[in-house]
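Just so it is clear: in the sequence shown, position 66 is 66 by the UniProt record's numbering, and no numbers are missing. Each residue gets a CB set at the ideal place from its N, CA and C atoms; glycine is no exception.
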Amino acid sequence: MTQQQLSTKDLLYLKDVLEWNLLAAKKAHYAANQCTTPQLKTMLEACCTMHKNHYEKTSAFLSGQPLQ
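(1) Under 8 Å, do L44 and A28 count as touching if we go by C-beta distance?
(2) So, using beta-carbon positions, are T58 and L18 closer together than 8 Å?
(3) Taking the alpha carbon of K26 as the point to measure from, which residue in Y55, T8 and Y13 has its own alpha carbon closest?
(4) Where T42 and W20 are concerned, what is the direct C-alpha to C-alpha distance, given to the nearest angstrom?
(5) Short of 7 Å in beta carbon distance, which residues of its chain neighbour C47, apart from the five on each side in sequence? Order them along the chain.
(6) Rounding to the nearest angstrom, what Cα-Cα distance links L62 and A31 in this structure?
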């Protein structure tokens, strides 16, 4: 199987995706730590985890690691 090359534009977009997911994870984490409503805190923590997972999967893809 041959490895496909990504264009510069594609790589820049993926870099943006990484930054967006990292920022969203940080903001959700901060909001969860400030939250006093247990149900909302749980939802914010789940949001943080989701964005962290997206960040890690995108980063792994760019590193050439197999996705899990």
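The answer reads as follows:
(1) Here the question's residue 44 lines up with position 44 in the sequence shown. Here the question's residue 28 lines up with position 28 in the sequence shown. It is a contact, given that the beta carbons lie within the stated cut-off.
(2) Along the sequence shown, read from residue 1 onward, the residue named residue 58 stands at position 58. Along the sequence shown, read from residue 1 onward, the residue named residue 18 stands at position 18. In contact: T58 and L18 (Cβ atoms closer than 8 Å).
(3) Walking along the sequence shown from the start, residue 26 turns up at place 26. It is Y55 whose Cα lies nearest to the Cα of K26.
(4) The residue given as residue 42 occupies position 42 in the sequence shown. The residue given as residue 20 occupies position 20 in the sequence shown. Taking the straight line from one Cα to the other gives about 21 Å.
(5) Position 47 of the sequence shown, counting from 1, holds the residue named residue 47. Cβ within range, chain order: A28.
(6) For the purposes of this step, residue 62 is taken as the residue at position 62 of the sequence shown. For the purposes of this step, residue 31 is taken as the residue at position 31 of the sequence shown. Taking the straight line from one Cα to the other gives about 29 Å.
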